[in-house]
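Position in the sequence shown counted from 1, then plus 1050, gives you this note's numbering.
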Amino acid sequence: MKKNCLVIGFGSIGIRHARVLENMGFNVNVVSKRKVKDYNSFLNIKQALRSLKYHHAVICRPTSDHFKAALKLKNYGFEGSLLIEKPLFEKKGYPSLKALNIFAGYNLRFHPVLKKIYQTIQGVSLYSMHVYCGQHLSLWRGKRDYRTTYSASRQAGGGVLKDLSHELDYICWLTGQWEKVAAKGGRVSDLEIDSDDLFCLLLETKTCPMVSLQINYFDLNAKREIIINGEDLSIKGDLISGTLDINGVKKVYKLEKDATYIDEHEDILSSGTGFACTYDEGLEVLSLIEAAQKASEGDVWIKRS
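Below, the structure written as structure tokens:
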């Protein structure tokens, strides 16, 4: 018998999760106010939970709606695993949802280049790390007008620091908790948005004394790269091409469509590798986002409290 999964929100990422889970053998239902053709759908979470018992759920709504959706699942008796798309919430300080089995949607941890880097740097004394991610916002979602997306709206939880928080997550995943951060960010381009389109961070983490990061919404030549130097180790990874150079030895990893999403769901559902981002780790990313914002606004270093 097929297990039931509920996808809450049916924008581009919700459609993707629904397709992935259906291909994995789930019976997929959707909560959306939009017209849904290919799946059984409900207008709200209460209706959906009254109809079936669900083993797994995914929240894919704008960031500002994440907590409300998760709280409704809790209040209406949901007992399965819950994946909340990144970032978990638009801010810290909400009441705890630890009664739910929550994971944050940082599927980039399952990228083959990052998995290999994670394995390679274990036990290595690290000196520095540089991370870059940039892509023009108009190229993100096909033909959809970027000005109408949540990314363009600060109120909806958009902004490059939250949208590209994959980078913040995997920095901490690879090098441990952040210890202090300095940052500079804002809206600097001609994009018609009211959210931040650029952030640069300088961090000290548990195992790396110098981490630099730039993320932006305006690079017309999409790039997603990481450079690490350590004791007897130099690494350069390209997450778009799948190329990884370790001490001059190059390897290209085949990037299968949807593979990181499949691996993420399987890891959560089977208690597999433990790579999936936990609720507490997702909250750690939120704490780093808020610290970076404070550092930028005050032009100061922020130490981890």
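Ideal Cβ positions, reconstructed from N, Cα and C, are used throughout, including at glycine.
> Helix or strand or just coil, what does DSSP make of Asp-1288?
Replying inline: strand
>> From the DSSP secondary-structure annotation, give me the bridge partner or partners of Met-1179.
In response: Val-1261 and Ile-1278
> By DSSP, does Glu-1229 sit in helix, in strand, or in coil?
Replying inline: strand
> Helix, strand or coil: how does DSSP classify Thr-1293 here?
Replying inline: strand
>> Tell me the rounded alpha-carbon separation between Glu-1140 and Val-1210.
In response: 13 Å
> So Ile-1128 and Thr-1328 are in contact, right, with Cβ under 8 Å, and what is the actual spacing, rounded?
Replying inline: Residue identity differs from the one stated: residue 1128 is Phe in this sequence, not Ile. That pair is no contact at about 18 Å.
>> Out of Ser-1239, Pro-1259, His-1216 and Ala-1341, which one is the CA nearest neighbour of Ser-1188?
In response: Ser-1239
> By the 10 Å Cβ neighbour count, where 16 or more other Cβ atoms means buried, how is Leu-1357 classified, buried or exposed?
Replying inline: Lying outside 1051 to 1355, the shown extent of the chain, residue 1357 is not represented and no answer is given.
> In the DSSP assignment, what are the bridge partners of Gly-1184?
Replying inline: Asn-1266 and Lys-1273
>> By the three-class DSSP mapping on this structure, what secondary structure does Gly-1155 have?
In response: strand
>> I want to check one thing, is the minimum distance from the CB of Arg-1084 to the heavy atoms of the ligand GTP below 6 Å?
In response: The ligand GTP is not part of this structure, which contains no ligands at all.
>> So, for Thr-1310: in the same chain, excluding its five sequence neighbours on each side, which residues have a beta-carbon less than 7 Å away from its beta-carbon?
In response: Asn-1157, Leu-1158, Phe-1160 and His-1161
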